[in-house]
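Down below is the structure, laid out as structure tokens.
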Amino acid sequence: MDIRQEQFSTERSAEIGAAWLAAVEADLDHALDLRRRIHSSPNLGGQEQATAEVIEAELSPFMSLDTIAGTGRIGRIGPADGPAVGIRAELDALPGEEATGADFASTNGAMHACGHDVHMAALVAVIRAIPELGERTGQALPTALAAVFQPREESYPSGALDIVSEKGLEKASIARMIGVHNHPGVPLGQVAMGEGYINAAADEVHITVHGRGGHGAYPHNASDPVAAVANVALSLPEIVRRTIGPMSAAVVSVGTMSVGDGAANVLPRHGSIRATVRTTSAQERKDIQAAIGTMARRIAQAYGLEADVAIIDGEPVLINDSDLARRFATQAQGLGASVASPMRSLGADDFSFFSEAVPSAMSFVGTGQPQASLHNAGYLPPERSVLDVARAMIAGYLAGAESILGSGSE
Numbered sequence: 005m006d007i008r009q010e011q012f013s014t015e016r017s018a019e020i021g022a023a024w025l026a027a028v029e030a031d032l033d034h035a036l037d038l039r040r041r042i043h044s045s046p047n048l049g050g051q052e053q054a055t056a057e058v059i060e061a062e063l064s065p066f067m068s069l070d071t072i073a074g075t076g077r078i079g080r081i082g083p084a085d086g087p088a089v090g091i092r093a094e095l096d097a098l099p100g101e102e103a104t105g106a107d108f109a110s111t112n113g114a115m116h117a118c119g120h121d122v123h124m125a126a127l128v129a130v131i132r133a134i135p136e137l138g139e140r141t142g143q144a145l146p147t148a149l150a151a152v153f154q155p156r157e158e159s160y161p162s163g164a165l166d167i168v169s170e171k172g173l174e175k176a177s178i179a180r181m182i183g184v185h186n187h188p189g190v191p192l193g194q195v196a197m198g199e200g201y202i203n204a205a206a207d208e209v210h211i212t213v214h215g216r217g218g219h220g221a222y223p224h225n226a227s228d229p230v231a232a233v234a235n236v237a238l239s240l241p242e243i244v245r246r247t248i249g250p251m252s253a254a255v256v257s258v259g260t261m262s263v264g265d266g267a268a269n270v271l272p273r274h275g276s277i278r279a280t281v282r283t284t285s286a287q288e289r290k291d292i293q294a295a296i297g298t299m300a301r302r303i304a305q306a307y308g309l310e311a312d313v314a315i316i317d318g319e320p321v322l323i324n325d326s327d328l329a330r331r332f333a334t335q336a337q338g339l340g341a342s343v344a345s346p347m348r349s350l351g352a353d354d355f356s357f358f359s360e361a362v363p364s365a366m367s368f369v370g371t372g373q374p375q376a377s378l379h380n381a382g383y384l385p386p387e388r389s390v391l392d393v394a395r396a397m398i399a400g401y402l403a404g405a406e407s408i409l410g411s412g413s414e
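By our numbering, the letter at position 343 of the sequence shown is numbered 347, and the numbering carries on one by one without gaps.
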């Protein structure tokens with residue numbers, strides 16, 4: 005048996021978790037100050053260099069960080085060799101004028117309306133506490149922790165996809181990946197997770213219908229696309245019911261529809277539709293995409309027109325590894341957190357690119373604000389969320405370490 009596996013007993017895991025959390029709590033004022041500083045000076049996706057430099061300065065006494073995916077940072081702490089448990093924190097903010105009224109509110113036209121400031125501060129606090137953990141327990145981390153400060157979670161091109169494409173996980177030897185996200189719909193301090201599907205695949209649909217324009221007084225001499233586009237738009241949501249079983253979750257939503265831009269008596273030549281399709285399994289994703297193309301082309305043909313259909317793949321389905329999710333829940337409870345019901349949605353998160361690459365688990369930590377909404381100008385997680393998220397990150401790391409060592413992975 006690997007000596008680290010032998011030493012990483014349930015008792016050792018509990019001892020490490022309790023000491024680690026206590027060390028974070030002892031340094032919490034620093035973490036709260038960092039959260040406020042990050043929150044007051046947010047950067048949009050692709051422009052996160054200043055935020056990344058703040059993180060780098062905070063962690064320079066503890067670990068070195070390499071640049072990845074343009075403005076992202078990644079690094080390891082703990083054993084120099086062997087597998088690591090990765091923890092993701094997002095660097096980017098959203099465009100918008102903040103309306104929280106906080107004394108540390110942003111004034112630069114961007115804001116952390118999704119709580120990424122909390123995630124970053126929590127991950128920094130978790131890492132800063134590691135030396136103290138060694139002093140408190142006399143024990144080193146059983147396997148490395150890899151900090152992944154990801155750019156462009158809210159915008160394209162996806163920062164997570166770029167990290168995977170640049171082989172960031174392989175370079176850091178990440179064998180398990182943990183995501184922790186605050187959420188207003190989960191009770192305060194509770195941790196929601198589950199096995200299997202958590203977030204949907206999200207793809208864009210671009211349909212262009214081509215016809216022959218003309219004069220409104222002589223429609224028989226034209227082949228205008230107005231009726232065809234309208235029928236396609238009305239038929240798109242119906243595809244779900246006709247393609248997959250009623251116990252599966254999927255939705256097709258039309259976002260924009262455009263036909264003509266001339267005078268009232270001018271029949272247009274072209275029309276277009278932009279929509280999204282969200283699915284929760286790889287096979288259903290393929291089936292619905294195929295059905296959209298068939299339906300749009302056949303409706304256009306029925307009107308004597310042609311339709312071009314392009315589907316732009318977005319994030320894949322986010323799947324929580326069953327073993328890792330179960331261990332995560334147990335570790336969270338061991339650290340004093342209540343485990344809420346699994347939270348699943350047809351929303352998307354590019355953490356799914358990580359879950360495609362290695363066994364992963366995404367969790368949601370409650371801010372207890374059921375009337376609030378992510379991405380809202382007034383959304384502000386309470387200060388205690390920094391500690392709540394840090395607790396979940398420690399639990400996720402311990403679950404990942406237990407999963408790695410328990411499987412005999414090297």
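For glycine and all other residues, C-beta sits at the position ideal for the given N, C-alpha and C.
1) Return the bridge partner residues of F368 from the DSSP annotation.
2) Is G50 helix, strand or coil when you go by DSSP?
3) Which same chain residues, not among the five before or five after S377, have their C-beta less than 7 Å away from its C-beta?
4) Let's see if you can read the secondary structure: which residues bound the alpha helix (DSSP H) around T283?
5) Quick check on this structure: which residue in R16, G264, S17, H43 has the alpha carbon closest to the alpha carbon of V390?
6) If we count the other Cβ atoms within 10 Å of its Cβ and call it buried at 16 or more, is G105 buried or exposed?
7) Does DSSP put R8 in a helix, in a strand, or in coil?
8) Is R92 helix, strand or coil when you go by DSSP?
9) Are the segment 345-363 and the segment 230-246 touching by the rule of at least three beta carbon pairs closer than 8 Å?
10) With C-beta atoms as the reference, is E360 less than 8 Å away from P320?
11) On the premise that I398 lies in contact with R180, defined as a C-beta separation below 8 Å, what is that separation, rounded to the nearest angstrom?
12) Could you tell me whether the Cβ atoms of D207 and D317 are closer together than 8 Å?
13) Counting only the same chain and skipping the five closest in sequence on each side, list residues whose C-beta sits under 7 Å from that of E170.
14) Write down every uninterrupted run of the alpha helix (DSSP H) in the segment 93-142 whose length is 4 residues or greater and which is fully enclosed by it, in chain order.
15) Report the rounded CA-to-CA distance for E419 versus G198, giving the unit in angstroms.
16) For G200, would you say it is in contact with chain B, using Cβ-to-Cβ distances shorter than 8 Å as the test?
17) Label E242 either buried or exposed according to how many other C-beta atoms from any shown protein chain fall within 10 Å of its C-beta, with 16 as the threshold for buried.
18) Counting only the same chain and skipping the five closest in sequence on each side, list residues whose C-beta sits under 8 Å from that of G217.
19) Alpha carbon to alpha carbon, what distance is there between A26 and T141?
20) Could you compute how far the alpha carbon of Q373 sits from the alpha carbon of G193?
21) Using beta-carbon positions only, say whether V209 and V281 come within less than 8 Å of one another.
22) Tell me the DSSP secondary structure of G340 in three-state form.
23) So what's N380 in DSSP terms, helix, strand or just coil?
24) Please classify M251 as buried or exposed, where buried requires at least 16 neighbouring CB atoms within 10 angstroms.
25) Excluding the five sequence neighbours on either side, which residues of its own chain have a C-beta within less than 7 Å of the C-beta of G404, listed in chain order?
26) What do you get for G308, buried or exposed, if any count of 16 or more other CB atoms within 10 angstroms of its CB means buried?
27) Quick check on N235: does DSSP put it in helix, strand or coil?
28) Compare the C-alpha of G275 against each of G264, S285, T283 and name the closest.
29) Can you grab the Cα-Cα spacing for the pair E102 / C118, in whole Å?
30) Between which residues of its own chain and V255 is the CB-CB distance below 7 Å, once the five residues before and five after are set aside?
31) Which same chain residues end up closer than 6 Å to V313 when comparing Cβ atoms and leaving out the 5 residues on each side of it in sequence?
32) So, is A306 buried or exposed, given that buried needs 16 or more other C-beta atoms within 10 angstroms?
33) By alpha-carbon positions, which one of I91, N203, A144, A125 ends up nearest to A84?
34) Which of the three DSSP states, helix, strand or coil, is assigned to E170?
35) Buried or exposed: which applies to S162, given that a residue is buried once 16 or more other Cβ atoms fall within 10 Å of its Cβ?
36) With distances taken from CA atoms, which of H34, R39, E174 is nearest G79?
Walking through what the data contain:
1) H185, A196
2) coil
3) P188, Y383
4) Premise fails: T283 lies in the beta strand (DSSP E), 274-283, not in any alpha helix (DSSP H).
5) H43
6) exposed
7) Its pLDDT being 45, under 50, R8 is placed unreliably in this model, and the value from its coordinates should be taken loosely. Here R8 sits in helix by DSSP.
8) strand
9) no
10) yes
11) The pair is not a contact, with the Cβ atoms about 14 Å apart (cut-off 8 Å).
12) yes
13) I72, A73
14) 120-132, 134-141
15) For the chain, the structure presents residues 5 to 414; residue 419 sits outside this window and is missing.
16) Annotation note: the requested chain B is absent from the structure, which comprises a single protein chain.
17) exposed
18) A226, D228, V270, L271, P272, R273
19) 12 Å
20) 11 Å
21) yes
22) coil
23) coil
24) exposed
25) V89, R180, I182, L328
26) exposed
27) helix
28) G264
29) 12 Å
30) V244, R282, L350
31) I211, G297, A300
32) exposed
33) A144
34) coil
35) buried
36) E174
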